[in-house]
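What follows is a short report on a single structure.
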Amino acid sequence: MCLYVDDLIFTGNNEMMFNSFKQSMMKEFDMTDLGRMRYFLGLEVFQRADGIFICQRKYAQEVLQRFNMADCNGVFNPIIPGFKMVKESTSTAVNNTLYMQIIGSLMYLTSTRPDIMFVVNMLSRHLTHPTEIHLQAVKRVLRYIKGTLVYGIFYKHEGNEELLSYTDSDYAGDLEDRKSTSGFLFLLSSGAISWSSKKQPVVTLSTTEAEFIAAASCACQAVWLRRMLEKLNQNSKGATIMYCDNSSAIKLSKNPVMVEANILMFAFISFMI
Numbered sequence: 000m001c002l003y004v005d006d007l008i009f010t011g012n013n014e015m016m017f018n019s020f021k022q023s024m025m026k027e028f029d030m031t032d033l034g035r036m037r038y039f040l041g042l043e044v045f046q047r048a049d050g051i052f053i054c055q056r057k058y059a060q061e062v063l064q065r066f067n068m069a070d071c072n073g074v075f076n077p078i079i080p081g082f083k084m085v086k087e088s089t090s091t092a093v094n095n096t097l098y099m100q101i102i103g104s105l106m107y108l109t110s111t112r113p114d115i116m117f118v119v120n121m122l123s124r125h126l127t128h129p130t131e132i133h134l135q136a137v138k139r140v141l142r143y144i145k146g147t148l149v150y151g152i153f154y155k156h157e158g159n160e161e162l163l164s165y166t167d168s169d170y171a172g173d174l175e176d177r178k179s180t181s182g183f184l185f186l187l188s189s190g191a192i193s194w195s196s197k198k199q200p201v202v203t204l205s206t207t208e209a210e211f212i213a214a215a216s217c218a219c220q221a222v223w224l225r226r227m228l229e230k231l232n233q234n235s236k237g238a239t240i241m242y243c244d245n246s247s248a249i250k251l252s253k254n255p256v257m258v259e260a261n262i263l264m265f266a267f268i269s270f271m272i
């Protein structure tokens, strides 16, 4: 059961329990049964025979109208490939309240749009002193939303029930402190259920270290998700497969001796920093 102020949703696999719960709640509170969930806190839910599709199309349209971008031309990538964001002390400053409002709206939109998670994370690092360059980058994300309003997440009825994960890192992507960014994505029933894009706490000295730290963060999330799924009677049959595109990090994770040595090295680097 999920309760937010005066909106309540619940799920399960027992129809008799549903009816009993609704009757008991209606005896205590003044409630209205709206049937199957179709719209909840900006999330649109389409329950079909072949699966469930969730999106935030209406909310995205409201965001575009709020910031006068409803009639803009859509684009098909949220950021120019290879573009790096830096602090611009010489550029013209913009209204940071407006900038923070746009970023806050985009952060809520990431609830069903993992494709903008990385760029929103990168833009949110400049809330204190945004400039024209940052505002232009934010408007490009809004133009991308305009061109992809129908995007969302689809969970197939008979999709892959095994938990899969993908991890990657942006080595030294922050030009100010040279820290890397870790990212991971988990799939269940062919749809994304958990994703993250976060700056790493230490400065790595190679792509191998950056990828290894990102993989370690992904592994921690995998342990938590497996335990959560066990509470929902969704026990995994085997180990959770984690895909990483760095061969050195993969070889490093298979060697326990090298893993312990690198943990000590990371700890020493953090202490020196």
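The sequence shown maps to residues 0 to 272 in numbering that gives the first Met the number 0. Note that the Cβ used here is the ideal one computed from N, Cα and C, for glycine as well.
Since I believe residue j is in contact with residue i (beta carbons under 8 Å), could you give me their beta-carbon distance rounded to a whole number of angstroms?
i           : j           : result
residue 134 : residue 59  : 19 Å between Cβ atoms; not a contact.
residue 126 : residue 102 : 7 Å
residue 203 : residue 245 : The pair is not a contact, with the Cβ atoms about 12 Å apart (cut-off 8 Å).
residue 56  : residue 148 : 5 Å
residue 136 : residue 179 : Their Cβ separation, rounded to whole angstroms, is 20 Å, which puts residue 136 and residue 179 out of contact at 8 Å.
residue 173 : residue 198 : 7 Å
In three-state terms, what does DSSP make of residue i?
i           : result
residue 61  : helix
residue 100 : helix
residue 32  : coil
residue 168 : strand
residue 74  : coil
residue 182 : strand
residue 90  : coil
residue 45  : strand
residue 189 : coil
residue 150 : coil
residue 195 : strand
residue 240 : strand
residue 79  : coil
residue 114 : helix
residue 21  : helix
residue 7   : strand
residue 155 : strand
residue 163 : strand
residue 126 : coil
residue 174 : coil
Are the CB atoms of residue i and residue j nearer to each other than 8 Å?
i           : j           : result
residue 240 : residue 163 : yes
residue 5   : residue 21  : no
residue 8   : residue 36  : yes
residue 181 : residue 212 : yes
residue 50  : residue 156 : yes
residue 278 : residue 113 : An answer regarding residue 278 cannot be provided, because it is not within the stretch 0 to 272 covered by the chain.
residue 242 : residue 165 : yes
residue 75  : residue 146 : yes
residue 280 : residue 158 : The structure shown has nothing for residue 280, since the chain only spans 0 to 272.
residue 53  : residue 42  : yes
residue 138 : residue 68  : yes
residue 195 : residue 224 : no
residue 86  : residue 14  : no
Taking its Cβ as the centre, do 16 or more other Cβ atoms sit within 10 Å of residue i, making it buried, or is it exposed?
i           : result
residue 117 : buried
residue 89  : exposed
residue 91  : exposed
residue 19  : exposed
residue 119 : buried
residue 253 : exposed
residue 96  : exposed
residue 111 : buried
residue 10  : exposed
residue 122 : buried
residue 23  : exposed
residue 170 : buried
residue 200 : exposed
residue 70  : exposed
residue 1   : exposed
residue 105 : buried
residue 220 : buried
residue 143 : buried
residue 79  : exposed
residue 48  : exposed
residue 38  : exposed
residue 98  : buried
Segments of 4+ residues assigned as alpha helix (DSSP H) that fall wholly inside the stretch 197-230: Entirely contained in the stretch 197-230, the alpha helix (DSSP H) runs reaching 4 residues are, in chain order, 206-230.
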